[in-house]
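Quick notes on the structure that follows.
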Amino acid sequence: MSSSDPAPLAVTPDPAPENAFDFETEALSHLDALYGGALRMTRNPQDAEDLVQETFMKAFRAADRFTPGTNMRAWLYRIMTNTYISTYRQKQRRPKESWSDSVEDWQLAEVESHTSRGLRSAETEALESLPDSAVKDALAELREDYRMAVYLADVEGFAYKEIAEIMDTPIGTVMSRLHRGRRQLRDLLSDHARSLGYLRRAEAGTTDQHTTDHEAGEEER
Numbered sequence: 001m002s003s004s005d006p007a008p009l010a011v012t013p014d015p016a017p018e019n020a021f022d023f024e025t026e027a028l029s030h031l032d033a034l035y036g037g038a039l040r041m042t043r044n045p046q047d048a049e050d051l052v053q054e055t056f057m058k059a060f061r062a063a064d065r066f067t068p069g070t071n072m073r074a075w076l077y078r079i080m081t082n083t084y085i086s087t088y089r090q091k092q093r094r095p096k097e098s099w100s101d102s103v104e105d106w107q108l109a110e111v112e113s114h115t116s117r118g119l120r121s122a123e124t125e126a127l128e129s130l131p132d133s134a135v136k137d138a139l140a141e142l143r144e145d146y147r148m149a150v151y152l153a154d155v156e157g158f159a160y161k162e163i164a165e166i167m168d169t170p171i172g173t174v175m176s177r178l179h180r181g182r183r184q185l186r187d188l189l190s191d192h193a194r195s196l197g198y199l200r201r202a203e204a205g206t207t208d209q210h211t212t213d214h215e216a217g218e219e220e221r
């Protein structure tokens with residue numbers, strides 16, 4: 001090349017558009033939520049960590065199959081649920097180990113709000129008085145498919161359609177599991193309330209109030 005030839009232009013790659021989808025950042029933003037879900041499935045911290053790690057490995061390998069703009073959290077949950085069913089369910093280390101330490105108070109309130117609907121006031125008052133540990137214990141006693149349906153709906157806030165995709169079941173099955181899970185949870189919480197004396201006190205308070213109202217009505221006649 002002679003001295004008169006122009007110098008070659010440096011090729012600068014086009015910058016990524018500001019709205020370009022960052023799969024890794026989006027996926028990792030759900031890490032804590034995935035671990036909480038894994039702990040509820042396995043009820044063992046080590047198994048939960050392994051399950052989350054395998055979930056993310058599978059997710060990154062399948063990144064090209066994710067559609068930006070759709071629900072990443074639900075997509076990751078479905079991968080994790082399928083992985084748990086196919087792998088970890090058969091080799092859980094200690095199934096009875098506590099899984100509920102990461103459930104927040106506000107999440108328990110969401111669960112309780114669904115279980116107390118349609119109850120008489122005394123029972124509702126008793127359930128609302130239960131300590132968080134009783135709610136966690138009752139959740140842990142639910143059948144696995146009921147527990148997951150209640151957890152995904154009332155704790156994670158997924159819609160029926162999303163839960164159906166995550167659990168790979170028809171929406172009708174999800175609704176049935178959720179209804180039965182909430183009813184079973186309500187019965188378990190009522191048993192806890194009775195054993196701790198909350199329900200008896202609440203019922204006594206209701207009876208006393210009814211008696212007082214009746215006596216007041218008699219005096220007005």
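Number 40 in UniProt numbering belongs to position 40 of the sequence shown; there are no gaps in the numbering.
A virtual CB, placed ideally from N, CA and C, is assigned to each residue, including glycine.
A quick note: this is a predicted structure, and the numbers were derived from the prediction, not measured.
Boundaries of the alpha helix (DSSP H) in which residue i is found, first to last residue
| i | result |
| --- | --- |
| ALA63 | Neither: ALA63 is in no alpha helix (DSSP H) and is coded neither H nor E. |
| ASP32 | 31 to 42 |
| TYR77 | 72 to 86 |
| PHE21 | PHE21 -> no alpha helix (DSSP H), and no H or E assigned at all. |
Contact check, residue i vs residue j, beta carbons under 9 Å
| i | j | result |
| --- | --- | --- |
| TYR77 | ASP47 | no |
| PHE60 | GLU24 | yes |
| LEU28 | PHE56 | yes |
| MET80 | LEU51 | yes |
| MET167 | ALA193 | no |
| GLU49 | TYR35 | yes |
| PHE83 | LYS58 | Note that residue 83 is Thr in the sequence shown, not Phe. Closer than 9 Å, so yes. |
Whole-Å CB distance - residue i paired with residue j, under 8 Å assumed
| i | j | result |
| --- | --- | --- |
| ALA33 | GLU165 | So it is not a contact: roughly 16 Å between Cβ atoms. |
| TYR160 | GLN184 | The pair is not a contact, with the Cβ atoms about 19 Å apart (cut-off 8 Å). |
Interface flag, residue i vs chain D, CB-CB below 9 Å
| i | result |
| --- | --- |
| GLY36 | Among the chains in the structure shown there is no chain D, since it carries only a single protein chain. |
Residue i beta carbon near the ligand NAD (any heavy atom closer than 8 Å)
| i | result |
| --- | --- |
| VAL155 | In the structure on display, the ligand NAD does not appear, and there are no ligands present to speak of. |
With three or more beta-carbon pairs closer than 8 Å as the criterion, would you say the segment 137 to 157 touches the segment 176 to 191? yes
I'd like the ranges of any beta strand (DSSP E) spanning at least 3 consecutive residues and lying wholly in the segment 127 to 178. none
Three CB pairs or more closer than 8 Å across the segment 147 to 156 and the segment 171 to 186: yes
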